[in-house]
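Reviewing the structure listed below.
Protein chains: 2
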Amino acid sequence: MPKISDERKAERREHILAGARRAFAEHGYEGATVTRLEKATGMSRGAIFNYFPSKEGLFLELARRDNEHLVRLWLDRGWEAALREVVEEDPDWLGVYLEMTRKVRTDPEFARRHEEHAQKELAHELIAHVRAGQERGELRDDFPPERVAGFISLVANGVVLQMGFGERIRDVDALVDFVRASVEPPRARARPRTPARTRS
Amino acid sequence: MPKISDERKAERREHILAGARRAFAEHGYEGATVTRLEKATGMSRGAIFNYFPSKEGLFLELARRDNEHLVRLWLDRGWEAALREVVEEDPDWLGVYLEMTRKVRTDPEFARRHEEHAQKELAHELIAHVRAGQERGELRDDFPPERVAGFISLVANGVVLQMGFGERIRDVDALVDFVRASVEPPRARARPRTPARTRS
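Line order of the protein sequences matches chains A and B.
Heads up, our numbering is the position in the first sequence plus 11, with the first residue counted as 1.
Heads up, our numbering is the position in the second sequence plus 11, with the first residue counted as 1.
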């Protein structure tokens, strides 16, 4: 058998993940049969499952990457950029997440594997990031950083569910404005008013 | 055949709905087979489908009632009471909603029937209620009432999704506080500060 370079292997993994994502989005989790995964990736089941342990492993890897992408965006460019990115997501792919909630609730083994993919270090990084924002006076500090981060995440979940139901977010700027009012300290929002007028 | 009074009919409908709700919550939508619905209600399939057109009809009626209950609560006792009620919901039943998102997105016939159950009049009543709150200065008025109501609903959706994933809402008071900061006008929130201190 010819030896495949690490680079080529990484490429194939990416190729499989991209195809699987499309198949899940189009057919749902259950509907994305192995045959459909083969069609979407243009690869045989043998080849696919050489790279991933199972269909579930494929899904968990895609979910893990989405989470990492969003948290990195939050860390690098702020919660607003991350929230706007969620609004841009493919509603069909978000729908697959929603389907999986039942599995997380009812299948302890799946819940455990889902938890393993939860990237706790990244979550800690995010809390530290929010705490730093509080210390700079950019975020309200009358609640611990976990609550502030938790509220923003909860709003993102609301976006996911609304879009999963096929309803667009009609006014993203309004959404961002509501969240800003909820997580910034009242002073930060009130601040520009007086000095700006005096100066102009 | 003995004639059944309207009162007895209404009772039976309620009895079937309560049993169906438990069966959906325990087994999921697909898992709540007709046999399981019979067991949960203690009634035969013939009797059940004498009162409801189908399993789907049962689900849609339950969803319609939940929506009506929440909107009435909002109208009568405010958005905070409605939001707290969502937090008290059975996560397993909420999970059934989440399962249905795929059906709403992918089955146009189901989406149409779901839309028919949407209670547009109730939605109009809610918008009028929010507008009145804006006029009294209790809600911010820099966005139309649809946006304010939409943000609160989106947060409720976030609660549904988080609980559907089996995660509790750890601090409901904090959640309410964040939403209050986002939907009340800054003056309403800033107001108590100075006078309260002067008076004490």
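We treat Cβ as the ideally placed atom computed from N, Cα and C, and that holds for glycine.
Only a predicted model underlies this, so the values are computations on that prediction, with no experimental measurement involved.
Cutoff 8 Å: residue i Cβ touching any chain A Cβ
i: Pro197 (chain B); result: yes
i: Glu18 (chain B); result: no
i: Glu120 (chain B); result: no
i: Pro156 (chain B); result: no
i: Leu150 (chain B); result: no
i: Ala43 (chain B); result: no
i: Ser185 (chain B); result: Correcting the residue type first, residue 185 (chain B) is Ala in the shown sequence and not Ser. Cβ-Cβ to chain A under 8 Å: yes for Ala185 (chain B).
i: Ser211 (chain B); result: Only weak support is given to the placement of Ser211 (chain B): the predicted model assigns it a pLDDT of 36, under 50, and the value that follows is read from those uncertain coordinates. Closer than 8 Å: no.
i: Asp87 (chain B); result: no
i: Val170 (chain B); result: yes
i: Gly57 (chain B); result: no
i: Gly144 (chain B); result: no
i: Gly177 (chain B); result: yes
i: Phe60 (chain B); result: no
Neighbour flag for residue i against chain B, beta carbons, 8 Å
i: Phe70 (chain A); result: no
i: Phe189 (chain A); result: yes
i: Phe63 (chain A); result: no
i: Ser193 (chain A); result: yes
i: Asn78 (chain A); result: no
i: Gln173 (chain A); result: yes
i: Gly39 (chain A); result: yes
i: Phe35 (chain A); result: no
i: Asp101 (chain A); result: no
i: Leu165 (chain A); result: yes
i: Gly30 (chain A); result: no
i: Gly106 (chain A); result: yes
Cβ distance (whole Å) where residue i is taken to contact residue j below 8 Å
i: Ala51 (chain A); j: Arg33 (chain A); result: 5 Å
i: Val107 (chain B); j: Val159 (chain B); result: Contact flag wrong, Cβ pair sits at about 29 Å.
i: Lys114 (chain A); j: Phe121 (chain A); result: 5 Å
i: Leu86 (chain B); j: Ala167 (chain B); result: So it is not a contact: roughly 15 Å between Cβ atoms.
i: Glu100 (chain A); j: Met174 (chain A); result: 7 Å
i: Glu72 (chain B); j: Leu84 (chain B); result: So it is not a contact: roughly 19 Å between Cβ atoms.
i: Pro196 (chain B); j: Gly148 (chain B); result: 6 Å
i: His26 (chain B); j: Arg75 (chain B); result: Incorrect: roughly 18 Å between the Cβ atoms, too far for contact.
i: Arg116 (chain A); j: Gly177 (chain B); result: 5 Å
i: Ala29 (chain B); j: Phe154 (chain A); result: Contact doesn't hold; Cβ gap of about 38 Å is too wide.
i: Leu172 (chain A); j: Val190 (chain B); result: In fact, because the Cβ distance is near 16 Å, the residues do not count as touching under 8 Å.
i: Leu165 (chain A); j: Gly169 (chain B); result: 4 Å
i: Asp103 (chain A); j: Glu37 (chain A); result: 7 Å
Reduced DSSP secondary structure (H/G/I, E/B, other) of residue i
i: Phe35 (chain A); result: helix
i: Met54 (chain B); result: coil
i: Glu18 (chain B); result: helix
i: Gln173 (chain B); result: helix
i: Pro196 (chain B); result: coil
i: Pro64 (chain A); result: coil
i: Thr44 (chain A); result: coil
i: Gln130 (chain A); result: coil
i: Asp188 (chain B); result: helix
i: Gly148 (chain A); result: coil
i: Glu157 (chain A); result: helix
i: Ile138 (chain A); result: helix
i: Glu178 (chain B); result: coil
i: Arg24 (chain B); result: helix
i: Pro206 (chain A); result: With a pLDDT of 42 at Pro206 (chain A), under the threshold of 50, the modelled position of that residue is not reliable, and no figure is offered here.
Review point. Fully enclosed by the region 68-121 of chain A, which alpha helix (DSSP H) runs are 4 residues long or longer?
Key: Listed in chain order, they are 90-98, 102-117.
**Study point:** Where the region 108-133 of chain B meets chain C: residues whose CB sits under 8 Å from a CB there
**Key:** No chain C appears in the structure shown, which is made up of the protein chains A and B.
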